[in-house]
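Number of protein chains: 2
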Amino acid sequence: MIKIGILGYGNLGRGVEAAIKKNADMELVSVYTRRDPSSLKINTEGVEVRSAAQLEQGKEDIDVLIICGGSATDLPGMTPKFAALYNVIDSFDTHANIPTHFANVDAAAKKAGKIGIISAGWDPGMFSISRVYADSVLPDGQAYTFWGKGVSQGHSDAVRRIEGVKDARQYTIPVEKALEAVRSGSNPELTTREKHTRECFVVAEDGADKAAIETAIKTMPNYFSDYDTTVHFITEEEMKRDHSGLPHGGSVIHSGTTSDGVKHVIEYSLKLDSNPEFTGSVLVACARAAYRMNKEGMNGAKTVLDIAPAYLSAKSADELRAHYL
Amino acid sequence: MIKIGILGYGNLGRGVEAAIKKNADMELVSVYTRRDPSSLKINTEGVEVRSAAQLEQGKEDIDVLIICGGSATDLPGMTPKFAALYNVIDSFDTHANIPTHFANVDAAAKKAGKIGIISAGWDPGMFSISRVYADSVLPDGQAYTFWGKGVSQGHSDAVRRIEGVKDARQYTIPVEKALEAVRSGSNPELTTREKHTRECFVVAEDGADKAAIETAIKTMPNYFSDYDTTVHFITEEEMKRDHSGLPHGGSVIHSGTTSDGVKHVIEYSLKLDSNPEFTGSVLVACARAAYRMNKEGMNGAKTVLDIAPAYLSAKSADELRAHYL
C-alpha cells in the first residue's frame, strides 16, 4: 500500500480523497490542514486530520504528500518546502511561472533525494502529454487547445468581485465552427474570439444595477474583453439547482503532414463531470509514479512529460504488455 | 544528428523515410534490403542502399536501425538478431505474441547493452499509450477501441487469396451508433458485430463467379463471419482511381467514474491519410527515444509504455516545460 497524505481540503483535496478510494494500492493516511484540525470533517472514516505544521518535522508516516493548494500564493512556497522532506505532487498551473517553480522544487527534492512532480492534472497534465506526443510524431504540424464546455473558476471569481454581484458562474465554450475547421486538418488561423465564447450566470444583489454589471463583465480586460460574452441574471435558487457542479473538459487537436498533401489529425479530448475529481485522479496516478520512481533511486523535480506511462498504472509491466499494448 | 538505418523498403520503410525528412535532428544513412541492392531505387538522394547481410557484421555506422518487416515471419527473428548489434525499433503487432517477442528482444538487447523498442506505431503504439493513461487515471472505468474508417491490409490480403479475385481492398468502419453510446459514458456491452462493419471492393477475374466470391468473403471465419460485410465489385480502373491510398484511424474511448454518478469520458482519436506514413513517424520518434535512453545507459527491450514523453521530442526539456506543459 502506498501511503498518501493530502495537504489542503478544498475541492481538489476532496477530489484526491475520492480518487484514492478507487485505487486499491493506495491508502489515505492523513489529511493536513492549516485550519484547526478539529473543525474539519472529512469523507473517509478513520483517517486522521492533522495540522499542516506537523508536516514540518519531516516525520509523518507517508510515502507521498499531495499538495492541494492554489498556484498563486500557496504552491510556490509549499511545494519546494515539502519536497525537501517528502515525495510531493502538485497541480501548479500558472504556465508562465512553471520554469521557476520547477527549478525551486528540483533543488529542494534533489538535495533530499525525493521526487517532486509539479503541474499534474489535465491542463497542465494530460493535455500537455497529448501536445508533446502529437508534436513529436507530427513535427510538421500545428496544435490547438480548446477548453470547455466547462466552469472556469478564475473567471467566475472575477465576476464575483464586481460590485453588486452576489454569486456567479462562468462557462467557457469552444466555438463549434472553429473545432470543425481544426478537425478538418486545414490549420486555420484563429483569433481568441474565434476559438471560445464565454457565458456568465449571475445572481445580483437586491437593487443592483444589472446593466452596469453586464458592462463591467463584458469589458473586463484579459478575462472577457477579447471574447463574445453572454450574461444571464438568475436567482439564487436557479444557481444552486442548475450550476452547482464543476464540469469541464476540452480538446487538444494537432494536425500535420508527413509528405506532400498527406494529412493526419490527432485529437485528445476530455468530457469531465467534475474538474476537481478528475484532477485529483491524475494527481493520485502521479503519486504512484513518484513513489515508484523514488524507490528506483530517481529524485528531483519531474513533470508528466518525464514519466513513462507504465509508472502511472497499478498494473504490472507484464499485464500491461499482455493486455493493454 | 541521429543516424538511422532502415531495414526493408516496403510501404512502412518508405513511411519511415518520409518521416526522417520531417525531423531536422535525424539523418537517413542507409536503406538495407534483402533484395539485390542495385535493383532498389529509393526516394532520398545520396543515401546508400546496402544488402541486409551487411548488418550482420555489426559494423554499420548507424545509431538506430528501424526494422520494417512483417510481424508474422520477419520480426520474430530479425528484431532479436539485430538488437544484439544495434539499437532497434520495430512495429510488431501480433498482440498475442508480444510477451514472447519482448522476452527475446530483451535478452539480446541487454546482453549487447542496446535498446530494442518493440510494437511501436499506432495500435500497438499511440493507442496503447492512451489505453494505459486512461486506465491509470480512471481505474474504475471501461475502455473501447474502434478502428477505421480505414484499409485493413490483413483483411484485404485475405480477400485477395479467394479464387477468382484479382485485387481487393477492405475498409473497417466503426458503427456510429456504437461510438455515440460509448461517448455518452453509458459503458454499453457491444458485440463484435455491433462495433464495426466491413466493406470490400473487389476486382474479379474475367468470368469469375461473383456470387461465390461474395459468399466466400462473408462467411470467412475470423475475418468476416462475425461482421456485417458489404461487397462491391469494381473495375481495375476504379480500384486504382478510388482506392490507392492507405487511410486509417480510429478511437480509444475510456469512460469511468470518480465517485457516485460522477462520470468522465476520455477519447483519443486518429484520422490518418496514410497508415504507413503515420506509423513510420511514430517509429522515427521512438528511434530518437532509443538513442537518448541508450546514451543515458539504459538497455533491454522497451515498449512505448516505458518511454517518458519527453524522450520522443526533438525539443529540449526546458522548451517543453516552457511552451508545451
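Taken in order, these protein sequences are the chains called G and U. Using numbering that gives the first Met the number 0, the first residue of the first sequence is number 0, and each one after it goes up by one. Using numbering that gives the first Met the number 0, the first residue of the second sequence is number 0, and each one after it goes up by one. The beta carbon of each residue, even a glycine, is placed where N, CA and C say it ideally should be.
Which term fits residue i, buried or exposed, when burial requires 16 or more other beta carbons within 10 angstroms of its beta carbon?
{"i": "Thr387 (chain G)", "result": "Residue 387 (chain G) falls outside the range modelled here, since chain G spans only 0 to 324, and no answer is possible."}
{"i": "Arg240 (chain U)", "result": "exposed"}
{"i": "Asp92 (chain G)", "result": "buried"}
{"i": "Gly9 (chain G)", "result": "exposed"}
{"i": "His231 (chain U)", "result": "exposed"}
{"i": "Ser37 (chain G)", "result": "exposed"}
{"i": "Thr214 (chain U)", "result": "exposed"}
{"i": "Ala284 (chain G)", "result": "buried"}
{"i": "Lys301 (chain U)", "result": "buried"}
{"i": "Asp60 (chain U)", "result": "exposed"}
{"i": "Gln169 (chain G)", "result": "buried"}
{"i": "Ser70 (chain U)", "result": "buried"}
{"i": "Met0 (chain U)", "result": "exposed"}
{"i": "Ala328 (chain G)", "result": "What is shown of chain G runs 0 to 324, which leaves residue 328 (chain G) out entirely."}
{"i": "Asn221 (chain G)", "result": "exposed"}
{"i": "Gly45 (chain G)", "result": "exposed"}
{"i": "Lys165 (chain G)", "result": "exposed"}
{"i": "Ser155 (chain U)", "result": "buried"}
{"i": "Arg160 (chain G)", "result": "exposed"}
{"i": "Ala286 (chain G)", "result": "buried"}
{"i": "Ala108 (chain G)", "result": "buried"}
{"i": "Ala142 (chain U)", "result": "buried"}
{"i": "Ala95 (chain G)", "result": "exposed"}
To the nearest angstrom, how far is it from the Cα of residue i to the Cα of residue j?
{"i": "Lys194 (chain G)", "j": "Val181 (chain G)", "result": "10 Å"}
{"i": "Val264 (chain U)", "j": "Leu6 (chain U)", "result": "40 Å"}
{"i": "Ala328 (chain U)", "j": "Gly14 (chain G)", "result": "Past the boundaries of the shown model lies residue 328 (chain U); chain U is included only from 0 to 324, so the question cannot be answered."}
{"i": "Gly124 (chain G)", "j": "Pro308 (chain U)", "result": "12 Å"}
{"i": "Leu178 (chain G)", "j": "Leu84 (chain U)", "result": "47 Å"}
{"i": "Pro138 (chain G)", "j": "Tyr226 (chain G)", "result": "30 Å"}
{"i": "Asn293 (chain U)", "j": "Ile306 (chain U)", "result": "12 Å"}
{"i": "Thr278 (chain G)", "j": "Leu11 (chain G)", "result": "7 Å"}
{"i": "Ser118 (chain G)", "j": "Ala313 (chain G)", "result": "21 Å"}
{"i": "Glu16 (chain G)", "j": "Thr191 (chain G)", "result": "36 Å"}
{"i": "Asn186 (chain G)", "j": "Lys21 (chain U)", "result": "17 Å"}
{"i": "Val261 (chain U)", "j": "Ala18 (chain U)", "result": "42 Å"}
{"i": "Lys58 (chain U)", "j": "Ile41 (chain U)", "result": "23 Å"}
{"i": "Cys67 (chain U)", "j": "Ser50 (chain U)", "result": "14 Å"}
{"i": "Ala288 (chain U)", "j": "Tyr310 (chain U)", "result": "5 Å"}
{"i": "Glu295 (chain G)", "j": "Ser90 (chain U)", "result": "29 Å"}
{"i": "Ile65 (chain U)", "j": "Val281 (chain U)", "result": "11 Å"}
{"i": "Ser268 (chain G)", "j": "Glu266 (chain U)", "result": "5 Å"}
{"i": "Tyr323 (chain U)", "j": "Ile252 (chain G)", "result": "13 Å"}
{"i": "Ala207 (chain G)", "j": "Val30 (chain G)", "result": "41 Å"}
{"i": "Ala211 (chain G)", "j": "Met219 (chain G)", "result": "12 Å"}
{"i": "Arg34 (chain U)", "j": "Glu276 (chain G)", "result": "57 Å"}
{"i": "Val63 (chain U)", "j": "Ile233 (chain U)", "result": "43 Å"}
{"i": "Thr228 (chain G)", "j": "Ile172 (chain G)", "result": "10 Å"}
{"i": "Trp146 (chain U)", "j": "Ile216 (chain U)", "result": "20 Å"}
{"i": "Ala167 (chain U)", "j": "Phe223 (chain G)", "result": "56 Å"}
{"i": "Gly112 (chain U)", "j": "Gln53 (chain U)", "result": "21 Å"}
{"i": "Asn86 (chain G)", "j": "Ser135 (chain U)", "result": "19 Å"}
{"i": "Val48 (chain U)", "j": "Glu55 (chain U)", "result": "15 Å"}
{"i": "Gly140 (chain U)", "j": "Ala133 (chain U)", "result": "9 Å"}
{"i": "Thr144 (chain G)", "j": "Ala106 (chain U)", "result": "42 Å"}
> Do the segment 97-108 of chain G and the segment 64-78 of chain G meet, that is, are 3 or more Cβ pairs less than 8 Å apart?
Replying inline: yes
>> Please list, in chain order, the residues of the segment 250-275 of chain U that have any C-beta partner in chain G closer than 7 Å.
In response: Thr257, Ser258, Val261, Lys262, His263, Val264, Ile265, Glu266, Tyr267, Ser268, Leu269, Lys270, Leu271, Asp272 and Ser273
>> As an exercise, report each continuous beta strand (DSSP E) stretch of at least 3 residues that is fully enclosed by the segment 104-155 of chain U, in chain order.
In response: 114-116 and 140-146
>> Can you confirm whether the segment 317-324 of chain U touches the segment 108-125 of chain U when touching is taken to mean that 3 or more C-beta pairs between the two stretches lie within less than 8 Å?
In response: no
>> Quick check for students: name the residue ranges of the beta strand (DSSP E) that lie wholly in the segment 228-308 of chain U, counting only runs of 3 or more.
In response: 247-258, 261-271 and 299-301
> Which residue spans inside the segment 47-73 of chain U form an unbroken beta strand (DSSP E) run of at least 3?
Replying inline: 47-50 and 63-66
> Are the segment 239-258 of chain U and the segment 143-150 of chain U touching by the rule of at least three beta carbon pairs closer than 8 Å?
Replying inline: yes
> Counting Cβ pairs, one atom from each stretch, are 3 or more of them under 8 Å apart for the segment 272-285 of chain U and the segment 250-261 of chain G?
Replying inline: yes
> For the 8 Å Cβ check, are there 3 or more pairs between the segment 129-138 of chain U and the segment 191-209 of chain U?
Replying inline: no
> What residues from the segment 14-36 of chain G come within 9 Å of chain U, judged by C-beta to C-beta, listed N to C?
Replying inline: Gly14, Ala17, Ala18, Lys20, Lys21, Asn22 and Ala23
> Can you list, in chain order, the residues of the segment 187-200 of chain G whose Cβ is nearer than 8 Å to any Cβ on chain U?
Replying inline: none
> When you check each C-beta in the segment 304-315 of chain G against every C-beta of chain U, which residues fall closer than 7 Å?
Replying inline: Leu304, Asp305, Ile306, Ala307, Pro308, Ala309, Leu311, Ser312 and Ala313
> For the segment 126-141 of chain U, which residues have a CB atom closer than 7 Å to at least one CB atom of chain G, in sequence order?
Replying inline: Ser127, Ile128, Arg130, Val131, Tyr132, Asp134, Ser135, Val136, Leu137, Pro138 and Asp139
> Quick one, which residues of the segment 143-155 of chain G are near chain U if we go by CB-CB under 8 Å, in chain order?
Replying inline: none
>> Which residues of the segment 49-64 of chain G have a Cβ closer than 9 Å to any Cβ of chain U? Give them in chain order.
In response: none
>> Please identify, using Cβ separations under 8 Å, the residues of the segment 84-99 of chain U that lie next to chain G, in order along the chain.
In response: His94, Ile97 and Pro98
> Can you give, in chain order, each stretch of the beta strand (DSSP E) that sits fully within the segment 190-228 of chain G and has at least 3 residues?
Replying inline: 195-203
>> Suppose only complete runs of 3+ residues qualify. What are the beta strand (DSSP E) ranges in the segment 11-45 of chain U, listed by chain order?
In response: 25-32
>> If the cut-off is 8 Å on Cβ atoms, which residues from the segment 105-125 of chain G count as contacting chain U, listed in chain order?
In response: Ser118, Pro123 and Met125
> the segment 217-235 of chain U: which residues have C-beta closer than 9 Å to a C-beta of chain G, in chain order?
Replying inline: none
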